[in-house]
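These notes are about the structure you will find just below.
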Amino acid sequence: MGLKRNVSLGTGLRYKGGGPMLVFVLHRIGGLGMATFVTIHILSSFFGGDIGQFANQIYENWVFQIFIFFFVLFHAINGLRITILDLWPKLIPYQREAIWVEWAVFLPIYALAAFVILRTGLAGG
Amino acid sequence: MQVTLKIFRYNPEVDKTFHYETYTLEAHETDRVLDLLEVVKGHTDGTLSFRRSCAHGVCGSDALRINGRNHLACKTLVRDVGTKITVEPLLGLKVIKDLIVDMEPFFDNYKKVLPWFINDSPLPEGGRERLQSPEQRARFDETTKCILCAACTTSCPSFWGGEEYLGPAALVTAHRFIFDSRDEAADQRMHVITETDGIARCHTVFNCTMACPREIEITKAIGELKMAVITGKV
């Protein structure tokens, strides 16, 4: 007898792992976001016609692009951090600092890109 | 000060599922969470079940999720977690009763990495022991400190996803023996950790390092194992 081993998504997300856990979760969300983007893109090319046009409208929408750029950029920069730490384990004791550097690189680039997408989108571009 | 203690409760003989019970008790800020659990068990509800043994951070029996994060109850002070404390069992292992989890899958994974010294060569001539330089000892000193409390393994999202994953504690033990200059079974252990449910499932999340009550740099140890796997050099 005993409760089944069951770690639900909600329970896992509530684990208080702090900054490292947050970037892990964002990395996974980023991966899912990119998979969604690529899937819509493929469906658009595959079906063509009205369905393709509808799919085009989704991923060419500036609101969608603001999200997708967040996913792609965060996934890329976080992946780079993990790769560097994996290849040079001596840097791992500085993992907290590495996460701060990651945010310091990500935020200005994302803010600039989001500004450009927003300005273009609001101008009807 | 008054502390509100919310405890995960589950009695398999009575309950179909778990629930929480809340207790209010007087405590000092230097009391440990384990002390609070003892007060509840001793004075309020004797059916409350949890593991504890040495109560001084050495045996590793009382690893629990305290306010959403893995700690040893005997090393966690009230002043470190506040006056509203939630105590839950470790994640990823079957709950047997209240705060007690089934540790078998954890120890099954531990056994897979051959957690004992292997050296079938005869002792050095004229010697009664296999000597080791301080530098050789320092190579794995950190990973000898593990107390097998499972706080690391049960904080790992990869382990939550499947208990077949060796987990940080088993990998720490693999590190302890693979990098021991006296041991001769590094190849066997490297074979075990490069299996599908081995080191490749570590996603460098760092939950394990932050949960370790012995402050072992677990992710660093796993990183060193990853490099050993890639380069073939121990």
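Chains as they are written, first to last, in numbering that gives the first Met the number 0: chain F, 0 to 124; chain X, 0 to 233. Glycine included, every Cβ here is placed at the ideal spot set by N, Cα and C.
Pairing G18 (chain F) with R95 (chain F) gives a Cβ-Cβ distance under 8 Å.
One finds G16, G17, P19 and M20 in chain F with Cβ atoms closer than 9 Å to the Cβ of M209 (chain X), taken in chain order. Listed along chain X, the residues sitting closer than 9 Å to T10 (chain F) by beta-carbon distance are L90 and W159.
Residue state for L106 (chain F) is assigned as helix, using DSSP reduced to three classes.
Put simply, of F:A122, F:F114, F:G29 and F:N5 the residue whose alpha carbon is nearest the alpha carbon of V71 (chain F) is F:G29. By the rule that beta-carbons nearer than 8 Å mark a contact, N108 (chain X) does not touch chain F. For N69 (chain X), the pairing in a beta bridge is given by DSSP as X:R64. Each residue's CA atom was taken as its position, placing N118 (chain X) and R188 (chain X) some 13 Å apart.
The criterion of a C-beta distance shorter than 8 Å is not satisfied by N69 (chain X) and T142 (chain X). Counting only residues of its own chain and dropping the five nearest sequence neighbours on each side, D61 (chain X) has a CB closer than 7 Å to the CB of L33, F49, R50, R51, L71, A72 and C73. Where K111 (chain X) is concerned, the enclosing alpha helix (DSSP H) starts and stops at E103 to K111.
Of all alpha-carbon atoms in F:P92, F:I67, F:I116 and F:L111, the one lying nearest the alpha-carbon of H26 (chain F) is that of F:I67. One alpha carbon belongs to T218 (chain X), the other to T208 (chain X), and they sit about 6 Å apart. Taking the beta carbon of D49 (chain F) as reference, no residue of chain X falls within 9 Å; the closest one sits roughly 40 Å away.
Look at Y9 (chain X) here: in three-state DSSP terms it is coil, with no helix or strand label. Scanning the segment 116-149 of chain X for uninterrupted alpha helix (DSSP H) segments of 4 residues or longer gives 133-137, listed from N- to C-terminal end. For Y22 (chain X), no chain F residue has a Cβ inside 9 Å of its Cβ, as the nearest lies near 21 Å away. Along the length of the segment 37-122 of chain F, whole alpha helix (DSSP H) runs at least 4 residues long occupy 48-59, 61-86 and 94-121, reported in chain order.
Assigned with DSSP and collapsed to three states, I84 (chain X) falls in strand. I99 (chain X) has X:K96 as its beta-bridge partners, per DSSP. Contact of L2 (chain F) with chain X is assigned, a C-beta pair being separated by under 8 Å. C53 (chain X) sits exposed, since fewer than 16 C-beta atoms from the chains shown fall within 10 Å of its C-beta. Residue-level contact check: S154 (chain X) touches chain F, since one or more beta carbons of chain F fall below 8 Å from its beta carbon.
By the Cβ rule, the segment 181-199 of chain X does not count as touching the segment 42-58 of chain F, because fewer than three pairs are nearer than 8 Å.
The segment 95-107 of chain X and the segment 8-20 of chain X touch, with no fewer than 3 CB-CB distances between them shorter than 8 Å.
V22 (chain F) and E128 (chain X) have their C-alpha atoms spaced approximately 48 Å apart. Of all residues in the segment 217-229 of chain X, only T218, K219, G222, E223, K225 and M226 place a beta-carbon less than 7 Å from a beta-carbon of chain F. By the C-beta criterion, the segment 39-47 of chain X is judged not to be in contact with the segment 105-120 of chain F, since fewer than 3 inter-stretch pairs fall below 8 Å. Of all alpha-carbon atoms in X:T16, X:H18, X:I146 and X:V2, the one lying nearest the alpha-carbon of A26 (chain X) is that of X:V2.
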